Amino acid sequence: MTAKKDRLILVANDDGIFSKGIRALVEVAERFGRVVVVAPDRQQSAVGHSITISEPLRTQKFEMKDGVTAISVNGTPADCVKLATDQLLDEKPDLVLSGINHGSNAGINIIYSGTVSAATEGTILGYPSIAVSCMDFAEDADLSGAQEAAARAVQFVFDNGLPRGITLNVNAPAGSFKGMKWARQGDSRYTDEYVARVDPVNRPYYWMFGRLEVLDEAEDVDINVLKSGFASITPIQYDLTAYKVFEAMSGMDI
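Number 217 in this note's numbering belongs to position 150 of the sequence shown; there are no gaps in the numbering.
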């Protein structure tokens, strides 16, 4: 196992490099090794795994507290991890941490989340990676429980490693840490509505809002683990093949 002093941990997020959540995650990461932050220069929530291909990426380097190097990027969370590991870091990271996101990334939110996508990009590139989120959207949310959940997940990865292609997705309620449970991704979807409005020069526009609909009430799904007051930890993968269906269909003529 790599000694603590030799570990390099890359921290990213989707709420932007100046968010409270990323500073809280840096505090956790510093317990385990040297830290470099590479994150979007602005809010990038719900951008999913998008990457920038039609315009240049620009960076700005500065120092966070305790002398932690931070680099902002005018791109997406996935951009940040790709650019960091290819150009911005002097060495390859031992771990990629993304978060702490303000707002849950359990259930279907995994698909939309820039925070989860930053960690997933780390996994794609071959680095152990963890995404961390807190259920509370408030800027002044108590992230102490999410920090403890993150620390336990990081320790687990350094002790046990992760299988190739697997990312850990950690979510926690706001407030103090009650405990953490392994959980499945909850089957859920958003019931979306678009409100039609007209701007001052009479041009139509649309504003989306939605309500999360939980389709699986089992106790071991991430959404319900969080409802019970525990943090959830879910191993996820970017391989989207439906293997049971593939096996059933692969012998059929088409």
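Ideal Cβ placement from N, Cα and C applies to all residues, glycine included. These numbers come from a predicted model, not from an experiment.
Opposing strand residues paired with glycine 277 [DSSP bridges]: For glycine 277, which the question treats as bridged, DSSP gives the partners Asp259.
Return yes when the Cβ of glycine 115 is within less than 8 angstroms of the Cβ of serine 200, no when it is not. No, Cβ-Cβ distance for serine 200 and glycine 115 is not below 8 angstroms.
CB-CB under 7 angstroms to leucine 92, same chain, minus the five flanking residues each way: which ones, in chain order? Within the same chain, leucine 92 has close Cβ partners Val78, Leu164, Gly166, Ile167, Val199, Ala217.
Residues sharing a beta bridge with serine 121, DSSP: Serine 121 has no beta-bridge partner at all, per DSSP.
Would you mind sorting tyrosine 194 into buried or exposed? The rule is 16 or more other CB atoms within 10 Å of its CB. Flag for tyrosine 194 reads buried.
Would you list the one or two residues that DSSP bridges to lysine 132? Residue pairing for lysine 132: DSSP places it in no beta bridge.
Arginine 219, DSSP secondary structure in three states: Of the three classes helix, strand and coil, the one that applies to arginine 219 here is helix, per DSSP.
Kindly confirm or deny that the stretch 100-120 and the stretch 175-184 touch, where touching means at least three C-beta pairs closer than 8 angstroms. The way I'd put it, the stretch 100-120 does touch the stretch 175-184; three or more beta-carbon pairs between them come closer than 8 angstroms.
Output the distance between the C-alpha atoms of glutamate 122 and alanine 205, rounded to the nearest integer angstrom. Near 32 angstroms, if we compare the C-alpha coordinates of alanine 205 and glutamate 122.
Does the stretch 250-264 come close enough to the stretch 278-297 to have 3 or more Cβ pairs within less than 8 angstroms? Touching, yes.
Considering just the uninterrupted stretch of the beta strand (DSSP E) at alanine 106, what are its terminal residues? Judged by DSSP secondary structure, alanine 106 falls within the beta strand (DSSP E) whose first and last residues are 101-107.
Can you check the stretch 123-200 for any beta strand (DSSP E) of at least 3 residues that lies completely inside it and give the ranges in chain order? Listed in chain order, the complete beta strand (DSSP E) runs (minimum 3 residues) inside the stretch 123-200 are 126-130, 136-140, 162-169.
Can you find at least 3 beta carbon pairs, one from the stretch 300-320 and one from the stretch 236-246, that sit closer than 8 angstroms? Verdict: yes, contact present.
Alpha carbons only, please: which of Gly277, Ser211, Leu210, Val135 is nearest the one belonging to isoleucine 175? Closest by alpha carbon: Gly277.
Could you say if the stretch 125-142 and the stretch 88-104 meet the contact criterion of at least three C-beta pairs nearer than 8 angstroms? As far as the Cβ criterion goes, the stretch 125-142 touches the stretch 88-104, which means the pair count is three or higher.
What is the residue span of the beta strand (DSSP E) that lysine 248 lies within? Per DSSP, lysine 248 is one residue of the beta strand (DSSP E) stretching across 247-249.
Rounded to whole angstroms, what's the CA-CA distance from glycine 246 to aspartate 289? Just pull it up for me. Going by the C-alpha atoms only, they are around 13 angstroms apart.
Simplified DSSP state of alanine 315, which is helix, strand or coil: Three-state result, alanine 315: helix.
Rounded to whole angstroms, what's the CA-CA distance from proline 107 to lysine 248? Just pull it up for me. Each residue's alpha carbon lies about 30 angstroms from the other.
Assuming tyrosine 273 contacts valine 262 (C-beta within less than 8 angstroms), just tell me the rounded distance between them. With 8 angstroms as the limit, tyrosine 273 and valine 262 qualify as a contact, their Cβ atoms being about 7 angstroms apart.
Tell me whether tyrosine 305 sits in a helix, a strand or coil according to DSSP, three-state version. It is coil, neither helix nor strand.
For valine 268 and arginine 90, the rounded distance between their alpha carbons: Spanning the two alpha carbons is a distance of roughly 41 angstroms.
Between which two residues does the beta strand (DSSP E) containing isoleucine 89 stretch? Element bounds for isoleucine 89: not the beta strand (DSSP E) but the alpha helix (DSSP H), 87-96.
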